[in-house]
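First comes the structure, then the notes that go with it.
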Amino acid sequence: MRTRTVASTTIATVAAAIASLGIAGSATAAHDDNPSSKVGTYTYTLAPVQADSVPNSQGWGSTRITALPNGKVQVQVRASGLAPGLPHAMHLHGETDMPDMGCPGPAADGGDGIVSVVDGLPSYGGILASLTTTGDTTAASALALDRYPVADATGRISYTRTFVDEQAWANADTVQVVVHGIDINGNGAYDFEAGPSSLTSAAPLEATIPALCGGIAN
Ligand SMILES: [Ca+2]
Ligand SMILES: [Ca+2]
Ligand SMILES: [Cu+2]
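Residues are numbered in this note's numbering as their position in the sequence shown, beginning at 1, plus a constant of 8.
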């Protein structure tokens, strides 16, 4: 579910991008008296990315992204059904030069039954911001697992952070929120039994695999 409370200022940009993609469509938006019409709140359901044949992959949740008048972005993530006691990398995904993207589903698996983080890139885009608990929030922190929220003993995460990120603020209306990390073999740890991450052989696939995603295409 997506609630658009304020119109985007980038209708012209988006329309141009859509035109350049050859996609037919018309952009419509409500009139907006706010001096900074990027300011707004966007809420999404977080849905599983993987097929339910992938063990321990079917979490759920919701997220809210708010572009504040002071230029800060507030992101709230409420998620359940995640691997308990393990950190979950979370990012705002999207592209600054593209119209609204979306979330991948199981069909994006490339035929091997697993939607890797790379399999999902054409759907949700690259990393615009890292939803860390402290410190840096840029893409440089994408895999900083020591600074991501840890799911509690019941597999729940409740996260809110307000931070300055120009890209995240400017694209607050089009980002996807992606929560990563699935303990596929259920051993209570991220390990290499299911292989390495599609991003780096130094990290297990379990640590970076997308678990939940929320965005326009849900
Ligand atoms: Ca795959
Ligand atoms: Ca494991
Ligand atoms: Cu991500």
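For glycine and all other residues, C-beta sits at the position ideal for the given N, C-alpha and C.
Here the alpha carbons of G223 and Y52 stand approximately 6 Å from one another. Annotated three-state conformation of S124 is coil, per DSSP. By the criterion of a C-beta distance shorter than 6 Å, T71 is surrounded in its chain by Y52, L54, V85, V185, G222, once the five residues flanking it on both sides are discounted.
By the C-beta density criterion, T104 is exposed, having fewer than 16 other C-beta atoms within 10 angstroms. Between the alpha carbons of D173 and G133 lies a distance of about 17 Å.
A178: member of the alpha helix (DSSP H) spanning 174-178, first to last residue. Counting along the chain, the unbroken alpha helix (DSSP H) around A215 starts and ends at 213-216.
Of the other Cβ atoms in all chains shown, 16 or more fall within 10 Å of the Cβ of S131; this residue is therefore buried. Counting of Cβ neighbours within 10 angstroms places E201 among the exposed residues, the total staying below 16. Under the 10 Å beta carbon count, V126 is surrounded by fewer than 16 other beta carbons and is classified as exposed.
Going by C-alpha positions, N195 is about 37 Å away from D108.
In this structure, the C-beta of I192 approaches ligand 2 to less than 7 Å from one of its heavy atoms. CA-CA distance, D191 to S65, rounds to 8 Å. A75 sits in a strand when the DSSP states are folded into three classes.
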